[in-house]
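So for the sequence shown, this note's numbering puts the first residue at 4; every next one is plus one. Don't be surprised by glycine CBs; every beta carbon is placed ideally from N, CA and C. Single-structure report; data block below.
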Amino acid sequence: MRLPTWLAQHLAALRALLVFTVLLGLVYPLALVAVGQLPGLNHKTDGSLIDVGGTTVGSSLIGQSFTDGDGNPVPRYFQSRPSAAGDGYDPTSTSASNLGPESVVDTIATDPEESSESLLTQVCGRSKEVGELNGVDGGRPFCTADGVGAVLAVFRADGLTGPVIRVVSVNQAAPATPFVPSYQGVPVELAQPGEDYVAAGGVVTPIRGNAPADPAVPADAVTASASGLDPQISPAYAELQVNRVARERGADPAEVRKLVKEHTGGRGLGFMGEPGVNVLELNIALDRQFAAR
């Protein structure tokens, strides 16, 4: 007995569904799992976890912070790149800050919980802290000495033209001191909480200042990666930290520098990206070779 055409088509589709379910839903995944357990691959497929003394301390693929209970950097360790993923390096909240080059004006609210820093101020504050931690000048262009964005709201008599009649340092509030006392002969005011000087007609005017064009603190020390999980820092940022780490551990800087070189990876496939230093692996090597004083 010949089956109706519609029924034969449905049975053929059902057979195809069952075959591909077995092949792609069972055989293929199990084959990949088996391949992943081959010698030389099993470590990577298990998350590239790092064990020290039988305890898992992290993954070579995910960054982490080296801070104390109050969030302050521990001086004897190399510090990682900043992270905007959750509370920092959270794989379940991987993300960037979504702030761009136009983010230069802070929100200074009457309620501190509602205040927020612009990307520029975040960069300036981080640069200041990294400079102080490592004993170098943390100054950058368009940053104030107290670590916020050097930005003025300039009010003119005729909107965008005419003489300047009022100037406000929009990222500085009392009790700070304006980073410049005057602009085109007009005294600079401090920002008042809750005021929106841009909406009031002020022209946003970043002030470069006299910081060097090539700051001592590298860019990756003050900016988060797109994923927020970057486990590596640039060789330049590692070099900036060598003397501090060596001093804290009573080690020869040349020996610490040698460890940095040993944990510096090259470009991906020889041409993609930039060389990087794996911070977790480097700090573990430091603990093994140079116990902290």
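DSSP three-state assignment for residue i, whether helix, strand or coil
i	result
GLU192	strand
VAL25	helix
ASP223	helix
SER62	strand
SER185	strand
PRO67	Here the sequence assigns Gln to residue 67, which means Pro is not the residue at that position. Here GLN67 sits in coil by DSSP.
THR95	helix
HIS8	Looking at the sequence shown, residue 8 is not His but Thr. Correct three-state label for THR8: helix.
PRO303	This structure cannot speak to residue 303, because the chain is shown only from 4 to 296.
PRO32	helix
PRO234	coil
PRO76	strand
Member of the options whose CA lies at the smallest distance from the CA of residue i
i	options	result
LEU123	GLY61, ASP161, VAL173	VAL173
LEU102	ASP71, SER228, ALA241, THR164	SER228
ARG247	GLU135, SER98, PRO209, GLY231	GLU135
CYS127	SER118, ASP73, VAL55, SER106	SER106
GLN67	ARG291, LEU285, PHE293	LEU285
ASP290	ASN75, ALA222, PHE81	PHE81
GLY276	ASP233, ALA249, TYR92, PHE293	ASP233
PRO184	ILE210, PRO166, SER62, ALA203	ILE210
PRO215	PRO78, LEU27, GLY141	GLY141
ASP114	PRO196, ALA239, HIS13	PRO196
TYR186	LEU14, GLN175, PRO166	PRO166
SER63	LEU33, VAL139, GLY162, THR267	THR267
PRO238	ALA254, ARG250, PRO221	PRO221
ASP217	PHE145, HIS13, LEU6, VAL30	PHE145
VAL263	GLN244, GLY28, ASN75, PHE274	GLN244
THR70	GLY56, VAL55, ASP90, ASP54	ASP90
ASP223	ARG270, VAL280, GLN175	VAL280
LEU155	GLU117, GLU265, THR208	THR208
PHE293	ALA254, GLN125, LEU33	ALA254
ALA179	THR164, ASP54, VAL151, ARG169	VAL151
For residue j and residue i, the rounded distance between their alpha carbons
i	j	result
PRO256	PRO278	21 Å
ARG143	GLY212	8 Å
VAL206	THR95	40 Å
VAL282	PHE158	47 Å
ALA37	ARG252	44 Å
VAL201	GLU242	41 Å
ALA177	ILE111	11 Å
GLU198	SER121	16 Å
SER98	ARG129	19 Å
GLY231	TYR92	6 Å
ARG18	VAL25	11 Å
SER51	GLU192	53 Å
GLY72	GLY188	47 Å
SER119	PRO104	16 Å
VAL77	LEU21	57 Å
PRO181	GLY138	25 Å
LYS10	LEU35	Here residue 10 turns out to be Leu, not Lys, going by the sequence shown. For LEU10 and LEU35, the distance between alpha carbons rounds to 36 Å.
ASP149	PRO190	19 Å
GLY74	GLY162	45 Å
PRO7	HIS13	10 Å
GLU116	ASP109	13 Å
Nearest-angstrom Cβ-Cβ length linking residue i and residue j, presumed shorter than 8 Å
i	j	result
VAL171	ALA153	The pair is not a contact, with the Cβ atoms about 13 Å apart (cut-off 8 Å).
VAL133	VAL259	Between VAL259 and VAL133 the Cβ distance is about 18 Å, and since that is not below 8 Å, they are no contact.
ARG84	ILE236	5 Å
Delimiting residues of the alpha helix (DSSP H) encompassing residue i
i	result
ARG291	282–292
ASN246	238–252
SER130	122–137
VAL263	256–265
Boundaries of the beta strand (DSSP E) in which residue i is found, first to last residue
i	result
GLY165	164–176
PRO209	206–209
VAL157	154–161
ILE53	52–55
Residue i beta carbon near the ligand COA (any heavy atom closer than 6 Å)
i	result
ALA224	This structure lacks the ligand COA, and indeed carries no ligand of any kind.
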